[in-house]
Every structure is written in C-alpha cells, then in structure tokens.
Amino acid sequence: MHTALVSGWAGSMALYELAVFDPSDPVLDPMWRQAIWHWVYWDLEIFSNERTGKPSLDFPKIFGIHLFLAGVACFGFGAFHVTGLYGPGIWVSDPYGLTGKVQAVNPAWGAEGFDPFVPGGIASHHIAAGHTLGILAGLFHLSVRPPQRLYKGLRMGNIETVLSNSIAAVFFAAFVVAGTMWYGSATTPIELFGPTRYQWDQGYFQ
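For the sequence shown, our numbering begins at 595 and goes up steadily by one.
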C-alpha cells in the first residue's frame, strides 16, 4: 500500500509536470517516460496466493520483477536515449556554460568513463548497470527462491524490512546526487542547475 501510494503519487505529479512544461523542449521530453515508469510500480495488488486465491505479497518475486524492469529501463536509457540511437541524447556543456546543447554521446568504456565530468560515462554506466545489476540480477531473483533460514533471518516477508531497505537505497542515491550537484558533474550542467559551489567559490563568472 505504501509503495503503491508513493509510486502512484509520483507518477501523477510527473504527468502534471508534463502538462505544465513545454514538450518541445528536448531536455523535458523524457518526462512522460518517468511518469509511466512510476505507474508501473503501482502493481502490488495483483499477486495472489496459489493455494487460497487471496491477495498476498511475494516480496522476493516483487523485488525480482521490479529489479528486472528497472534494469531494462536503465539499459534502454543508456543504450538508446543517451547515445542518440533512439532519442535526442543528453545535454552536454563546458565548465563555463557557453557551448551547451543536446547531443548524442558515445559510451566511454575506458578509465575516462569514471571521470564524473565525462558524458560518455553516463551512457556506459547505465548500459553496464542495467545489464548486469538490473536485468541479470532481476532474472536471478525471479528464478531462485531464498532458503527458509535466510528468508526468516533477513525478515523478507516483513513489509517494514522491505520499506527500510528501500529507504536505504534511496538515501544512497540521494547522497550521490547531492555530491554531484555540489561539486558538479556531467549530469548537472550549469545551464540547467546553476553554478556549482566550486565555481561560486572560485569566482568563475566574475
């Protein structure tokens, strides 16, 4: 219920933002995908017990389904949208915000892909994470059932455990995004998010 409410509300608000924003803007074009993707998570009432027929939540299977779908979306974003194969690409700019534009980006598979200011790392990381961490791990959790001792030890059947683990994952993602917003990266161009704290302190625009 909690996840359904959160996901449904996020999807509704994303659709509202789509109605307000100009859809011709290539930066805001993916907004409808974000809205529909949140609505995909609004599916917790479709699981039922095979023996009783009553609604029940199989959390390991739900986790596997969501991980697989998230992996497909992550892989598709990196392999198709960012690279320009099926989509406009992403906003690429310079430290001074003078040459920014939406363009296709080739994946950076070498050491340079770990540089937060290299746009190619966005494509390669989404492709790798979506394929290995998302799709393969999702298929693993769908095909392999946890042993009873592990299931009870980690309390996989408890909704509070599931929600607390979700909050931990969201906190980690928020921590990473806060760092990239503060120090700057290829994901936070200054034309869209404003100057970073480093640029502000160093007087880049004085």
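Using N, Cα and C, we set each Cβ at its ideal position, and we do this for glycine too. Predicted model only: the values in this text are computed from it and were never measured.
Thinking just about the alpha-carbon of each residue, which of Phe769, Gly788 and Ala722 is nearest to the one in Pro701? Here residue 701 refers to the residue found at position 107 of the sequence shown. The candidate whose alpha carbon is nearest that of Pro701 is Ala722.
In chain order, what are the residue ranges of uninterrupted beta strand (DSSP E) at least 3 long that sit wholly in the region 686 to 737? 695 to 697
Do three or more CB pairs link the region 692 to 700 to the region 762 to 772 at distances below 8 Å? no
Please classify Ala705 as buried or exposed, where buried requires at least 16 other C-beta atoms within 10 Å of its C-beta. To locate residue 705, count along the sequence shown from 1; it is residue 111. Exposed, because fewer than 16 other Cβ atoms sit within 10 Å of the Cβ of Ala705.
Pull up the DSSP beta-bridge partners for Ile684, would you. Counting from one through the sequence shown, the residue named residue 684 turns up at place 90. Its beta-bridge partners are Gln697.
Pairwise C-alpha distance: Gly747 and Gly778: For the purposes of this step, residue 778 is taken as residue 184 along the sequence shown, with counting starting at 1. For the purposes of this step, residue 747 is taken as residue 153 along the sequence shown, with counting starting at 1. About 41 Å.
Selected residue, minimal CA-CA separation from His732, among Ser760, Arg749 and Leu663: In the sequence shown, residue 732 corresponds to position 138, counting from 1. Note that residue 732 corresponds to Gly in the displayed sequence, not to His. For the residues Ser760, Arg749 and Leu663, the minimum Cα distance to Gly732 belongs to Leu663.
Buried or exposed: Ile761, going by 16 or more other Cβ atoms within 10 Å of its Cβ? For the purposes of this step, residue 761 is taken as residue 167 along the sequence shown, with counting starting at 1. Ile761 is exposed by the Cβ-count criterion.
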